[in-house]
Amino acid sequence: MKSNITIVGGGILGTSLAYFLSHVTDKNILVLEQAQEVAFHTSSRNTGKVHAPFLYDPQKKKFFAKAAALGFEMWETYAKQKNLPFKRDGVLEVSLDEEGTKRLEKYMSWGEQNGLKKEELKLLDSSEVSRQEPEVHCQKAIFCTKDASVDYGKFTSSLMEDAKQSGASFLLSTRAEEIKDRKDFLEIKTNSGTIQTDFIINAAGGMSIDIAHAMGVAQDLTDIHFRGEYWQADNIYNNLTKVSVYSVPKHPEYPFLDPHWIVRHDGRCEVGPNAVPVFSPYGYNFTENIKEFPSKIVEMLLSGAAKMLFDSQFLSLASGEFLSSVSKTVMINRVREFLPKVDQSKFHTRGTAGVRASVIDSAGKFVPDAVIKQGEKSIHILNYNSPGATGALPFAIHVIGELQKSGTVKISKTKCGPWEYDKILEKI
Ligand SMILES: Cc1cc2nc3c(=O)[nH]c(=O)nc-3n(C[C@H](O)[C@H](O)[C@H](O)COP(=O)(O)OP(=O)(O)OC[C@H]3O[C@@H](n4cnc5c(N)ncnc54)[C@H](O)[C@@H]3O)c2cc1C
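Numbering follows this note's numbering, with no gaps: position 330 of the sequence shown is 321.
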């Protein structure tokens, strides 16, 4: 089998890339996805929020901030066109102490810099919060109206159908196992045959750094996987709050967010996610983690991640996350700090956990933004974490813009579905 461009990974990013590439170029596009369906991993196993961009530092998280700012309208338009769930419900971000309140003030400024309008972002004091959400206790809160609840799995499946209509092919249950440079083309060995391709886009989520390394790219970076777990609330809590409630993360330099009170698009409520270090991008259970443990530990010890393994604050925070993994009470108590009415006995079932791959540089620091690395016949997207689903459509356009600059693709048409490629590219 032959293709001009092969995308490894049919998550929300790989599928968005296939959607736009098949619309705006004449290239023959192929997506390889090892699972039996697209968005089988993180792209369906998340909080399902179209995040407002006030949480993202416009300097340190430039890609994520811009993509989230543009993603909201794009998903809203797409959901309307396809009749998919898009509930513009808003979000409350609460502070519990002075330090948290200072951070909210910073978020207000980031929100404005990232393009939110004054009427979309309000700083409320505790009495205003009580009027709006009587069960929420806090010092202050940001109420942002430009936040929505969706089903990213459904968005991805629908994008796949559209991409197929415009000529892209998807090979599901097909894993890229080995990539060899044959000078005139790349050869991809899969579990079901060999593919010849001119160019590879690595959008393999938690596996993307391994694929980059195998192709000799990004050798100075490595990653640590974190499993975000959820607990589902009993239906009696369905009207406890009108909107989802997040608390200001206490350690924003680490990927440990404090669990939120989540109201999903269909009204179901959950608590989560925590961030438990695991050894595989698919480390949903003990067996998978044990299998990957020896090789991952060796990789970490030989890279910048070794510094993280001896960082006492990281270790102390990580042990707190382990505790919240084994003890439901510990997890629910983290939300009781701002929503005291929730009672752990009303949570009977775990939700669907998802794993993120956080990239670490050679100095042993977590990289804050998405990373794009170009190889000779490849481009690699690494560290594509939250709000990656929110920003997948505009970020895919940005990646294609990079391919245009390097001469890998030529744009033959700018209209793609409800959007104009060049207008979005200008903004991102
Ligand atoms: C707990 C949690 C909550 C989150 N909540 C939100 C949220 O509310 N809003 C938001 O915007 N973002 C959220 N995110 C982030 C968001 O889900 C991710 O940024 C996004 O899904 C990443 O998409 P992706 O396509 O890059 O990766 P993935 O969805 O992981 O897709 C990569 C795909 O590549 C495939 N693959 C890997 N290796 C190979 C191979 N060798 N051959 C073939 N296929 C391969 C995998 O099977 C996988 O399907 C959350 C993330 C987590 C972990």
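Glycine is no exception: its CB is placed at the ideal position from the N, C-alpha and C atoms.
Residue environment, residue i, which counts as buried when at least 16 other CB atoms sit within 10 Å
i, result
"F313", "exposed"
"G258", "exposed"
"D214", "buried"
"L293", "exposed"
"D138", "buried"
"T6", "buried"
"H216", "buried"
"I170", "buried"
"S100", "exposed"
"S420", "A query on residue 420 cannot be resolved here, the shown segment of the chain reaching from -8 to 419 and no further."
"F134", "buried"
"N280", "buried"
"D116", "exposed"
"S35", "buried"
"N230", "exposed"
Any non-hydrogen atom of ligand 1 closer than 7 Å to residue i Cβ
i, result
"L4", "yes"
"E169", "no"
"S286", "no"
"M198", "yes"
"S34", "yes"
"E24", "yes"
"V(-1)", "yes"
"Y245", "no"
"P264", "yes"
"T185", "no"
"V390", "no"
"F31", "yes"
"G366", "no"
"N376", "yes"
"A195", "yes"
"K(-7)", "no"
"K282", "no"
"R347", "yes"
"K145", "no"
"H42", "yes"
"T381", "yes"
"N37", "yes"
"G258", "no"
"G219", "yes"
"R474", "A question about residue 474 goes unanswered here, because the residues of the chain that appear run from -8 up to 419."
DSSP state of residue i mapped onto helix, strand, coil
i, result
"G379", "helix"
"P240", "coil"
"S208", "Before going on, a small fix: residue 208 reads as Val here, not Ser. The answer is coil: DSSP assigns V208 none of H, G, I, E or B."
"R166", "coil"
"D48", "coil"
"G355", "coil"
"N(-5)", "strand"
"G408", "coil"
"Q123", "helix"
"V333", "coil"
"H339", "strand"
"E220", "coil"
"P268", "strand"
"E178", "strand"
"R259", "coil"
"I227", "helix"
"L293", "coil"
"L308", "helix"
"S160", "strand"
"K171", "strand"
"T33", "coil"
"V15", "helix"
Inter-residue CB distance, residue i and residue j (contact presumed, cutoff 8 Å)
i, j, result
"G2", "G196", "5 Å"
"A458", "P378", "With the chain covering only -8 through 419, there is no way to say anything about residue 458."
"I(-2)", "V22", "5 Å"
"S86", "V239", "5 Å"
"K364", "A203", "6 Å"
"T232", "E124", "5 Å"
"S305", "Y228", "It is Phe, not Ser, that sits at residue 305 in the sequence shown. No, F305 and Y228 are not in contact; Cβ-Cβ is about 33 Å, not under 8 Å."
"D80", "V254", "7 Å"
"S148", "A30", "7 Å"
"N376", "S349", "6 Å"
"I372", "V390", "7 Å"
"A159", "A56", "So it is not a contact: roughly 29 Å between Cβ atoms."
Residues bridged to residue i (per DSSP)
i, result
"S349", "I215"
"T92", "BP columns for T92 are empty, so no partner."
"A132", "V85, L115"
"I372", "I363"
"N193", "V(-1), H371"
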